[in-house]
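Participant: So the number in my numbering is just where the residue sits in the sequence shown, counting from 1, plus 89.
In this text, a Cβ means the ideal position worked out from N, Cα and C, and glycines have one as well.
A quick note: this is a predicted structure, and the numbers were derived from the prediction, not measured.
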Amino acid sequence: MSSLHVRTSLLPIARAEERLQLALDAGAVAGTWFWDVAQDRFTGDRRFAQCFSLDPDMLDKGVPLADVVQSIHPEDEPEVQRKVREALARGGPYRAEYRVRQPGGGYRWIEANGAVTLGEDGRAASFPGVLVDIETRKQAEIRQGALLALGDRLRGLDDAQDIVTAASGICGRTVGVMRAGYATIDTAQEHADVTRDWNRDAGAHSVAGRYRFAHFGSFIEDLRRGEVVAIPDVAQDPRTAGQVEQLWHLRIRALLNVPLMRDGALAGLFLLHDDAPHAWTSDDIAFVRGVADRTWSAVATAQAVAELRAVNGALEREVQARTADRNRLWNLSNDLMLVARFDGEILAANPAWERVLGWTEPALVGRRLFDLVHPDDLAHTRAGTQLLAADSGAPVIENRCLHQDGSYRWISWSASPGDGLIVAAGRDVSQVRAQAESLRRAEEQLRQSQKMEAVGQLTGGIAHDFNNLLAAIGASLQVLQTRLDAGRTEGAARYITLGQESVRRAAALTHRLLAFSRRQTLDPKPVDVRRLVDGMEELIRRTVGPTVALAVVGDAALWPSRIDASQLENSLLNLCINARDAMQPAGGRLTIESTNVRLDAQAAHDCNVPPGDYLSLCVTDTGCGMAPEVAARAFDPFFTTKPLGQGTGLGLSMVYGFARQSGGDLRIRSEVGAGTTLCMLLPRHAGPLEEAQGPVAPPALQPGEGETVLVVEDEPTLRMLLTEMLQELDYRVLVAEDGPAALRRLDAAGRIDLLVTDVGLPGGLNGRQVADAARTRRPGLQVLFITGYAENAVVGNGQLERGMAVITKPFDMAALTAKVRAMVEG
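1. Helix, strand or coil: how does DSSP classify W499 here?
2. Anyone know if the C-beta pair for I511 and L427 falls short of 9 Å?
3. Nearest to L361 by CA position, among V377, S371, R351, is which residue?
4. Where are the beta strand (DSSP E) runs, 3 residues long or more, that stay fully inside the stretch 434-478, in chain order?
5. Taking buried to mean at least 16 other C-beta atoms within 10 Å of its own C-beta, is N488 buried or exposed?
6. CB F747 to CB L657, shorter than 9 Å?
7. The alpha helix (DSSP H) spanning G234 covers which residue range?
8. Can you tell me whether N202 is helix, strand or coil according to DSSP?
9. Report the option in W198, L220, I341, P451 whose CA atom is closest to the CA atom of V118.
10. I need the DSSP call for I896, collapsed to helix, strand or coil.
11. Measuring CB to CB, does V388 end up less than 9 Å from V253?
12. Please list, in chain order, all residues of the same chain as A863 whose beta carbon is under 6 Å from its beta carbon, the five residues on each side excluded.
13. Please return the same chain residues whose Cβ sits closer than 8 Å to the Cβ of R444, not counting the five positions on each side in sequence.
14. Who are the Cβ neighbours of Q228 in its own chain at under 8 Å, not counting the five residues just before and after it?
15. Helix, strand or coil for I341 per DSSP?
16. List the endpoints of the continuous beta strand (DSSP E) containing R268.
17. Excluding sequence positions up to five away, which residues of its chain have a Cβ less than 7 Å from the Cβ of E166?
18. How close, in whole Å, do the beta carbons of I223 and E186 come, if the pair is a contact with beta carbons under 8 Å?
19. Candidates A723, A692, M672, A716: which alpha carbon is nearest T709's?
20. Do the stretch 808-828 and the stretch 898-915 touch if we need at least three Cβ pairs shorter than 8 Å?
21. Based on DSSP bridge pairs, tell me the residues matched to T390.
22. Using the Cα positions of D144 and D125, report the straight-line distance between them to the nearest angstrom.
23. Please go through the same chain and pick out, in chain order, the residues whose beta-carbon is closer than 6 Å to the beta-carbon of A831, but skip the five residues on each side of it.
24. Can you give the beta carbon distance from S742 to D725, rounded, assuming they're within the 8 Å contact cut?
25. Please identify the residue among W502, Q409, N401, D517 whose C-alpha is closest to the C-alpha of G447.
26. Taking just the CA atoms, how far does P699 sit from D432?
27. Given this structure, state the Cα-to-Cα distance separating W442 from A531, to the nearest angstrom.
28. Does the Cβ of R498 have 16 or more other Cβ atoms within 10 Å, making it buried, or fewer, making it exposed?
29. Hey, could you find the ends of the beta strand (DSSP E) S650 is sitting in?
30. When you compare the CB positions of D861 and D827, do they come within less than 9 Å of one another, or not?
31. When the Cα atoms are used, what is the spatial distance from R669 to G676?
32. Does the distance from the C-beta atom of A894 to that of D653 stay below 9 Å?
33. Check whether the stretch 292-311 touches the stretch 272-284, counting contact only when three or more Cβ pairs, one atom from each stretch, lie closer than 8 Å.
34. Is it right to say T474 is buried, meaning 16 or more other beta carbons lie within 10 angstroms of its own, or is it exposed?
35. Determine the DSSP secondary structure at W122, reduced to helix, strand or coil.
36. Between the C-alpha atoms of R398 and Q250, what's the straight-line distance to the nearest angstrom?
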């Protein structure tokens, strides 16, 4: 053999010796060996014997290689044998990593480094080498690989149970334990639910199920604090010493539990069990925690995905169900449905169109809805569409739509905008409108019938009273005439007074009729209602008589009201007289009570008035009361419970008309045998009182100072009397018998201080029209209306304009002249 060949074959041996020296210096050598290949005699030091679980004395003497190989892990032995054969065949260095069985039954990773020396015949002669302990490095590589494999495995799983099973298996195999698993903890942290576990031995006992923490030792408290629990031997740890038999029953000799926390509370647990004592290393704990964290995160993600999938599934089912409901509604509804653009182009129409109007969907799609609308209804239909386009509401539109046969049907539409389109539903209301028209005609006929009945009752009641009053007036005038013809003037004033009293009573009856018709003219002013009631107390006391005890109570800070004071006096007196009559003949107690009330929306709705502040003026008696069916008709015109000839049935109707026209209401509460309460609600006046109210003395005739008054009256006698009376009082009087004549006077005359005009005039112009024309010619002209009735159209729904006043026929001349004087001065 040449020297070059020798040097070349010695180089690998030198390198192996160098590596051996480094290993010895590092203190990582697990043993050395020498194998005489030709003799198949394998020797090694005591460390080698311990590493391979061999008898050190036998190994020192030498054993066959086959005895040594038996300690190599069966999975690694074929590769080791292959590398040995290669080294023997070529000579030189040898290196292999494999697991060897330990005395405790486990395996340990080592690295074998050696060199084969060839003999002169080219065959292997000797094979020395050294073992290096690589357990720590190898375990780190294995665990890192296991974590990578776990990540790859979990990425393909979306079921929480599959994730737990995969993680448990990888963790258990890597750490080398009997069992690995995952548990969830209940919110009370008293129970653990193990859903699945991995077991090393096929057919081994599973611990899946529910467990109570109290049965497994005090280490549960450590877990609740978030601490890892590692117990190498349950029989030796004080935390489990009391539960050894129970743990052994589950084949648990050693355990490692890693807590999984959520919001500071124990929510899950990753567990490892071994059926033999196990010395848990920090590497074990770190690896298991890594697996637990990845598993916890993957389970949470899987649960979130599962919940989202469930929600999406529920939503999809809900959408499908609603879509099916919508389709059924679309197809089965008898109401017209459509989807259209704002310009009216129809995009979709349901089958009801064909059933109701004869149009099929193909005939409608692409057509403009406005083409089907009656020409008279186009304007408000387009206006409603514009409101929808501006998103200014969802109007209800009624119009006539064209039927396929050329006729029209009334359709009531409800529509709303959505996604730039109109979605509308329409109902055929042709029959409803026809029925409403029939009902309107029937109600009109009923009103006519009731009107005729009322006229008959009026003839029997009011005409009777007027005849009595006219008889008294006529008799007074006839007696007066007889005495004057005889030249006797003594006692004339008595008959004049009787006639005037009858006139006043007739005027009061007229006011009742006007109030009944809701058409009397009011002269509203701010009124101190409490003072007015107090001022009437003595009059009411005399009226009701000594058998009735009168009590007047009320709020000292009663609000004022803007009303007609005289009408309020009449109404209050009327209520008191009715109360007195209800307590006859025995008498009783009558209470007048006034209070402030504030009506909210519901209370105002019940009273049919706007919400706000009101005065309540109530009259309560202790009379016989009324049954509900009688109280329900109490405000009806001509309805009375009094004997024939003792009442017209207009009293409460007049009070009700006054209250409603004043912006309030009249309410009644009554019970048979328990009396009756009638309450007037009057709106509060927020401004100041203009003047105090109190009893007013009868006015005297008020003289003028040469002012000019234009009198317009079509009744010659009254026109003459008005003219003479005003002239007697120093007024300059211009006269006109109708509207056109009055306008001529207004155009021709100079100064005019007051226009006095009847409301009902011939010649084509009524009194109000004359007044308007006069004010156009003479702005600010004072106007006094004289009327036996007061049309709402003339005086503006019962409220007079500034600078206008009214006096009703018949009237007292002193009252007329006082009104004239006040207006010419104002």
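Facilitator: Quick answer:
1. Locating residue 499 in the sequence shown gives position 410, counting from the first residue. It is a strand residue.
2. Stepping through the sequence shown from its first residue, residue 511 is reached at position 422. Stepping through the sequence shown from its first residue, residue 427 is reached at position 338. Cβ distance < 9 Å, so I511 and L427 count as in contact.
3. If you number the sequence shown from 1, residue 361 lands on position 272. Here the closest residue by C-alpha is V377.
4. Within the stretch 434-478, the complete beta strand (DSSP E) runs of at least 3 residues are 435-438.
5. Here residue 488 corresponds to residue number 399 of the sequence shown, with the count starting at 1. Taking a 10 Å sphere around the C-beta of N488, we find 16 or more other C-beta atoms and assign the residue as buried.
6. What you label residue 747 is simply residue 658 of the sequence shown in a count that begins at 1. What you label residue 657 is simply residue 568 of the sequence shown in a count that begins at 1. Yes, Cβ-Cβ distance for F747 and L657 is below 9 Å.
7. On the sequence shown, position 145 is the one that residue 234 refers to. Here the alpha helix (DSSP H) through G234 covers 224-244.
8. Residue numbering aside, residue 202 sits at position 113 when the sequence shown is read from its first letter. The three-state secondary structure of N202, taken from DSSP, is strand.
9. Position 29 of the sequence shown holds residue 118. That would be L220, whose Cα lies nearest to the Cα of V118.
10. The residue you call residue 896 lines up with position 807 of the sequence shown. It is a strand residue.
11. Stepping through the sequence shown from its first residue, residue 388 is reached at position 299. Stepping through the sequence shown from its first residue, residue 253 is reached at position 164. A distance below 9 Å separates the beta carbons of V388 and V253.
12. Counted from its first residue, the sequence shown places residue 863 at position 774. Cβ neighbours of A863 beyond the five flanking positions: L835, L844, L870.
13. Within the sequence shown, residue 444 is the residue found at index 355, counting from 1. If we look at R444 and ignore the five residues flanking it on each side, its Cβ neighbours are N423.
14. Taking the sequence shown and counting its residues from 1, the one referred to as residue 228 is at position 139. Within the same chain, Cβ atoms closer than 8 Å to the Cβ of Q228 are found at W198, D372, the five residues on either side in sequence being excluded.
15. Mapped onto the sequence shown, residue 341 falls at position 252. In the three-state reduction of the DSSP assignment, I341 falls in the coil class, being assigned neither a helical nor a strand state.
16. Taking the first residue of the sequence shown as position 1, residue 268 is located at position 179. Under the DSSP assignment, R268 falls in the beta strand (DSSP E) whose first and last residues are 268-274.
17. Working through the sequence shown from its first residue, we reach residue 166 at position 77. Take E166, set aside five residues on each side of it, and the residues of its chain with a beta-carbon closer than 7 Å to its own are V158, in chain order.
18. In the sequence shown, residue 223 corresponds to position 134, counting from 1. In the sequence shown, residue 186 corresponds to position 97, counting from 1. Separation of the CB atoms of I223 and E186 is rounded to 7 Å, and the pair is thereby assigned contact status at 8 Å.
19. For the purposes of this step, residue 709 is taken as the residue at position 620 of the sequence shown. Cα-wise, what sits closest to T709 is M672.
20. Yes, the stretch 808-828 touches the stretch 898-915.
21. Here residue 390 is taken as the residue at index 301 of the sequence shown, counted from 1. Paired residue(s): none; T390 is not in a bridge.
22. By one-based count along the sequence shown, residue 144 stands at place 55. By one-based count along the sequence shown, residue 125 stands at place 36. When rounded, the distance between both Cα atoms is 19 Å.
23. Position 742 of the sequence shown holds residue 831. Cβ within range, chain order: V801, A825, V859.
24. Within the sequence shown, the letter at position 653 stands for residue 742. Within the sequence shown, the letter at position 636 stands for residue 725. Right, their Cβ atoms sit about 7 Å apart.
25. If you number the sequence shown from 1, residue 447 lands on position 358. Distances from the alpha-carbon of G447 to those of W502, Q409, N401, D517 put D517 closest.
26. Residue mapping note: residue 432 aligns to position 343 of the sequence shown, counting from 1. Residue mapping note: residue 699 aligns to position 610 of the sequence shown, counting from 1. Whole-angstrom Cα-Cα distance: 41 Å.
27. By one-based count along the sequence shown, residue 442 stands at place 353. By one-based count along the sequence shown, residue 531 stands at place 442. Here the alpha carbon of W442 sits roughly 33 Å from the alpha carbon of A531.
28. Numbered from its first residue, the sequence shown carries residue 498 at position 409. Only buried fits R498, as 16 or more other CB atoms lie within 10 angstroms of its CB.
29. Here residue 650 corresponds to residue number 561 of the sequence shown, with the count starting at 1. Residues 650-652.
30. The count along the sequence shown starts at 1 and reaches residue 861 at position 772. The count along the sequence shown starts at 1 and reaches residue 827 at position 738. A distance of 9 Å or more separates the beta carbons of D861 and D827.
31. Looking up residue 669 in the sequence shown gives position 580. Looking up residue 676 in the sequence shown gives position 587. C-alpha separation (whole angstroms): 7 Å.
32. Here residue 894 refers to the residue found at position 805 of the sequence shown. Here residue 653 refers to the residue found at position 564 of the sequence shown. Taking the C-beta atoms as reference points, D653 is found no nearer than 9 Å to A894.
33. As far as the Cβ criterion goes, the stretch 292-311 touches the stretch 272-284, which means the pair count is three or higher.
34. Position 385 of the sequence shown, counted from the start, is the residue given in the question as residue 474. For T474, the number of other beta carbons within 10 angstroms of its own is at least 16, and it is reported as buried.
35. To locate residue 122, count along the sequence shown from 1; it is residue 33. If DSSP states are grouped into helix, strand and coil, W122 belongs with the strands.
36. Stepping through the sequence shown from its first residue, residue 398 is reached at position 309. Stepping through the sequence shown from its first residue, residue 250 is reached at position 161. Take the alpha-carbon of R398 and the one of Q250: they are about 16 Å apart.
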